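The structure appears below as structure tokens.
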Amino acid sequence: MAQIILKNIKKTYDPDVLKKPVLNQLSLSIEAGEFVGIVGPSGSGKTTLLYVMSGLEKVDSGEVLLFNKPLSTYLESDRAMLRRDLIGFVFQFFNLIPNLSIYDNLKLANVIIKNKGLTIEEALNLVGLKDVMHKYPSELSGGMQQRASIGRAILGEKKIIFADEPTGNLDYQTSLDIMGLFKELNQKLGITIVMVTHNEALLSYTNRVIRLLDGKIEKDEKR
1 MAQIILKNIK KTYDPDVLKK PVLNQLSLSI EAGEFVGIVG PSGSGKTTLL YVMSGLEKVD
61 SGEVLLFNKP LSTYLESDRA MLRRDLIGFV FQFFNLIPNL SIYDNLKLAN VIIKNKGLTI
121 EEALNLVGLK DVMHKYPSEL SGGMQQRASI GRAILGEKKI IFADEPTGNL DYQTSLDIMG
181 LFKELNQKLG ITIVMVTHNE ALLSYTNRVI RLLDGKIEKD EKR
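Numbered per the UniProt record's numbering, the sequence shown spans residues 1 to 223.
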């Protein structure tokens with residue numbers, strides 16, 4: 001079943017500066033349980049596409065459906081609830097609160113989602129941080145901090161994780177470890193993962209690769 005559907009999407013930020021749309025009549029569909037890598041040169045629209053899919057950015061024209069409902073019909077409060085309950089985000093920067101322990105970082109997120117679904121302990125166990133949950137972010141490596149941000153993203157009853165350059169601040173081996181974790185979560189929990197990356201070496205972990213060029217899909221490969 002398709003969780004994300006885009007129909008003839010057009011997105012432009014500043015037509016006076018950018019003479020062509022960032023996304024130009026783009027259509028695609030992503031099924032539940034897919035692990036999708038989105039790649040393309042700088043300025044091809046990768047991050048914009050991710051934000052449009054997740055409802056963080058509105059489109060100029062076309063239609064975005066998330067869980068079979070057009071995003072245009074959601075109130076702003078509905079969009080916030082959607083991001084809280086069903087979709088998670090992982091970014092290049094870990095965005096952990098430095099004066100809170102890893103456990104308390106997740107606890108804060110858990111209060112927001114009202115303690116539904118996957119618990120803090122379960123999430124930390126899945127991302128391999130159960131033994132260091134009471135340490136502070138500064139006491140952990142970059143890879144462990146990213147694991148913590150992934151643990152925070154999967155709390156509750158998440159169906160989709162949107163990841164924007166999640167290994168951009170990590171060394172090569174740590175990047176592979178994080179990709180292995182994403183793969184494991186995709187297979188164990190059935191969470192759909194949509195990831196933007198510039199690193200071609202990471203695409204072997206995905207089961208679908210979408211290549212963008214000038215705001216359009218140049219190639220769409222399922223593996």
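The beta carbon of each residue, even a glycine, is placed where N, CA and C say it ideally should be. Source: prediction; values computed, not measured.
Proximity below 8 Å, CB of residue i to CB of residue j
| i | j | result |
| --- | --- | --- |
| residue 193 | residue 93 | no |
| residue 217 | residue 26 | yes |
| residue 208 | residue 222 | yes |
| residue 7 | residue 43 | no |
| residue 112 | residue 79 | no |
| residue 156 | residue 128 | no |
| residue 206 | residue 33 | no |
| residue 74 | residue 82 | yes |
| residue 185 | residue 126 | yes |
For residue i: DSSP bridge partner residues
| i | result |
| --- | --- |
| residue 188 | According to DSSP, which records beta bridges pairwise, residue 188 is partnered with nothing at all. |
| residue 37 | 195, 209 |
| residue 31 | 2 |
| residue 163 | 90, 195 |
| residue 77 | Residue 77 is not bridged to any residue. |
| residue 107 | Note: residue 107 sits in no beta bridge, so no partner. |
| residue 11 | 23 |
| residue 118 | 156 |
Reduced DSSP secondary structure (H/G/I, E/B, other) of residue i
| i | result |
| --- | --- |
| residue 21 | coil |
| residue 101 | coil |
| residue 67 | coil |
| residue 182 | helix |
| residue 218 | strand |
| residue 61 | strand |
| residue 136 | coil |
| residue 203 | helix |
| residue 232 | The shown model of the chain, from 1 to 223, leaves out residue 232, and the question about it has no answer. |
| residue 176 | helix |
| residue 85 | helix |
| residue 56 | coil |
| residue 170 | coil |
| residue 225 | Residue 225 lies beyond the stretch modelled for the chain, which goes from 1 to 223, so this question has no answer here. |
| residue 96 | coil |
Cut-off 8 Å between Cβ atoms - residues of its own chain near residue i, not counting five sequence neighbours on either side
| i | result |
| --- | --- |
| residue 130 | 121, 124 |
| residue 199 | 167, 175 |
| residue 219 | 209, 210, 211 |
| residue 183 | 35, 205 |
| residue 135 | 101, 102 |
| residue 138 | 98 |
Distance between beta carbons of residue j and residue i, contact taken as under 8 Å
| i | j | result |
| --- | --- | --- |
| residue 91 | residue 164 | 5 Å |
| residue 105 | residue 97 | 6 Å |
| residue 11 | residue 59 | 5 Å |
| residue 196 | residue 56 | Contact flag wrong, Cβ pair sits at about 13 Å. |
| residue 4 | residue 29 | 7 Å |
Proximity test, residue i beta-carbon vs the ligand FMN heavy atom, cut-off 7 Å
| i | result |
| --- | --- |
| residue 171 | The ligand content of the structure shown is nil, which means the ligand FMN is not present either. |
Contacting residues, own chain, Cβ-Cβ under 6 Å from residue i (five flanking each side not counted)
| i | result |
| --- | --- |
| residue 202 | 179 |
| residue 31 | 2 |
| residue 45 | 22, 23, 212, 215 |
| residue 133 | 102, 103, 124 |
| residue 149 | 90, 94 |
| residue 190 | 33 |
Sequence-distant residues of the same chain with beta carbon closer than 7 Å to residue i, five excluded per side
| i | result |
| --- | --- |
| residue 153 | 88, 89, 90, 161 |
| residue 146 | 94, 166, 170, 178 |
| residue 40 | 46, 211, 212, 213 |
| residue 14 | none |
| residue 107 | 120 |
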